[in-house]
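Chains as they are written, first to last, in my numbering: chain A, 1 to 193; chain B, 1 to 565. Glycine included, C-beta positions come from ideal geometry on N, C-alpha and C. These notes are about the structure you will find just below.
The structure is reproduced here in structure tokens:
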């Protein structure tokens, strides 16, 4: 029996690539939740936090840096909106995102070097250990997401995406937003407490 | 039907067999690696059992074993059997092979990610095997790798063993992360036209549930392992009390993953049984939707039972009662699944073919494992049983059914589909009965040993006066005889496979007269799986439907005109 329409490919509700990133982001979120709960437990058990002989964290500079990262969340959203509309300014938005992300990493790195100079290291105290583990884990994620943004930017420049097909941009957008969204939580817990 | 599809893509040897993106080839790669590691893990258990029966004596093929070596063997046996046998075979191999075939897809959603997943897994296998040969030997802190035992080189035998162990486990989880995302996406997005979620075979449900549980529980373990690695390499003190750290923290992070992991392994095993029981009872599965819901509830509950592993670890005693309650609660949905399986048999036309024997054996053995879990889940009794051979017997009774019996059931069932030949049925029956008897001979005595207070993880039991009794020695010898015979019995399986691959009877596309879509493909299926894209008209378990001459009704068979419905 031949029914018409058998060979028609059904279009899925969420494209496979985006679904995969969404699942990945969910498991990443649980990874950060575990790191944060470890931090909270260790801090709750500590006698003094931060220890009196350890340097204080740069609250103000990192606050400004937080704003920079949040701004990059807006630019990546601009990228997705532009590709949905026409795709004309996609590369510009992605480049702006990459610059902001790189700036965030540079400032973080500069502050790390200063903190190490002041005597805050992984082995100087549990305070230092948790700081570098949490902030470092986030930094690695920003770096990875930055590479993804650059790859998508190059592909966008070559005209790979359009209003009809832009799953790659949507995947990159979702992951970058996740990396941005985790940071304020870490900033509030680790720096502001 | 033609097999032209099999020859449609002439590709190089390397592309076809090594760096293949075909889900069936990747499944076979996982299968072979898993079986190889199973042999390694089995040989380790041989050394362990021989030492326990005859402490201090030279073991044939190994020699005299020292305490450090013994600890390393026990650690590696557990690690290998869970992470390098159960996971690659039950999840990666079965899911890779079956999900696309069962849902009528040409391949996985991300074939290249799938290939990467296997090769990362292969790398992790190499790293783990290398760790046997580094200075100081392999990791010896138990498969749970608790600090402070695993935290410093001084306690764990050497700098390299635990470090490589952590690296290997991390790589393996990256591999399964890629695999799991692939499985879920494939099942959601690539189902054949007409296949609704509740038309999916239970195997697909179970694999997806297992993948979801794995993905949502693995983060804490990766975090815990990362902190442990930093403790060892960067001088941090997350788990070192002297530095203000907390060793119990690792236990929480480990078991937040470790207990759901039990269900990650168990559910695919249940999936195998769910496929086999209806076929060999010629009856629809009992309570299809109930099994799906129970699976989901099991998955959710599995996230809130972990602290039952830590009743005597020094956790807040107020935590013991809630975790006892959730632990007992989780046996309810698991029992729903088990009893639905048993009810499937009721008034069926049962054929005791080899897949069915192993499926029934799984139910029988797992029931005992599940029941003894109650003793360990309740804090009051666990305080006595903790770290005794009762625990060892319990988790072997829960894990051997899905991992070993489930694997054999799946092998006898899907081997014709995978390799196009039938296995020898008579040899399979002998294999089942020997495996079943010797499995029980190995582990039943260990319940008794546990009752007598015999601690696990001690290299020389006779060192302790209380364990120097004839009864203890007798029980240990029984278990060892059982274990050696159990290992030897597996030769039958390998002989059967080796013989059947070449000389076995050629398999028809559907030798078991089953309904699900994988049986509509040629045996073995070619590249792209289906000669014509299947369309699904009904659920997977419509056996002996009223008003039909055959006693099965394939999912893709179009309803006859004017037949209603």
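The alpha-carbon of residue 184(A) is positioned some 11 Å away from that of residue 135(A). Annotation for residue 546(B): no alpha helix (DSSP H) segment contains it, and DSSP assigns it neither H nor E. The C-beta of residue 424(B) comes no closer than 9 Å to any C-beta of chain A.
Between the alpha carbons of residue 321(B) and residue 143(A) lies a distance of about 44 Å. If you draw a straight line from the Cα of residue 190(A) to the Cα of residue 48(A), it is about 14 Å long.
Between residue 32(A) and chain B, the shortest Cβ-Cβ separation is below 9 Å.
Here residue 39(A) is buried, its C-beta having at least 16 other C-beta atoms within 10 Å. A straight-line Cα-Cα distance of about 9 Å links residue 53(B) and residue 481(B). No Cβ of chain B is located within less than 9 Å of the beta carbon of residue 144(A).
A contact between stretches requires three or more CB pairs, one per stretch, nearer than 8 Å, and the segment 494-505 of chain B meets this requirement with the segment 422-429 of chain B. Separation of residue 103(B) and residue 533(B) (C-alpha to C-alpha, rounded to the nearest whole angstrom) is 11 Å.
Among the residues facing chain B, residue 38(A) is included, as its CB has a counterpart in that chain under 9 Å away.
Between the alpha carbons of residue 485(B) and residue 133(B) lies a gap of roughly 29 Å.
About 27 Å separates the Cβ atoms of residue 412(B) and residue 393(B), ruling out a contact at the 8 Å cut-off.
A direct Cα-to-Cα measurement between residue 450(B) and residue 112(A) gives close to 53 Å. Judged by DSSP secondary structure, residue 30(B) falls within the alpha helix (DSSP H) whose first and last residues are 23-53.
Residue pairing from DSSP leaves residue 108(A) without any beta-bridge partner.
Remark: fewer than three beta-carbon pairs, one from each stretch, lie closer than 8 Å, so the segment 381-398 of chain B and the segment 275-292 of chain B are not flagged as touching. Residue nearest to residue 283(B) within the set 350(B), 31(B), 106(B) is 350(B) (criterion: CA-CA distance). Residue state for residue 207(B) is assigned as helix, using DSSP reduced to three classes. The Cβ of residue 189(B) sits closer than 9 Å to at least one Cβ of chain A. The segment 134-144 of chain B makes no contact with the segment 105-116 of chain B, as fewer than three CB pairs between them are under 8 Å. For residue 147(A), no Cβ of chain B is located within less than 9 Å of the residue's own Cβ. Listed along chain A are 16, 19, 20, 23, each with a C-beta nearer than 8 Å to that of residue 185(B).
No Cβ-Cβ contact shorter than 9 Å links residue 149(A) with residue 83(A). Taking a 10 Å sphere around the C-beta of residue 246(B), we find 16 or more other C-beta atoms and assign the residue as buried. Contacts with chain A (Cβ-Cβ distance below 9 Å) from the segment 219-230 of chain B involve 219, 220, 221, 222, 223, 224, 226, 227, 230, listed in chain order.
DSSP places residue 112(B) in the helix class (H, G or I) of the three-state scheme.
Neighbours of residue 99(B) across chain A, judged by C-beta separation under 7 Å, do not exist; the nearest C-beta is about 14 Å away. Following the DSSP letters along the chain, one finds residue 189(B) inside the alpha helix (DSSP H) bounded by residues 159-189. Distances from the alpha-carbon of residue 154(A) to those of 102(A), 90(A), 30(A), 179(A) put 90(A) closest.
The Cβ of residue 157(A) sits no closer than 9 Å to any Cβ of chain B. For residue 46(A), the residues of chain B that pass the 7 Å Cβ criterion are 244, in the order they occur in the chain.
With a threshold of 9 Å between beta carbons, residue 86(A) makes no contact with chain B. Under DSSP, residue 552(B) forms a beta bridge with 543(B). Neighbours of residue 320(B) in chain A, taken as residues at a C-beta separation under 8 Å, are lacking, since the least C-beta distance is about 18 Å.
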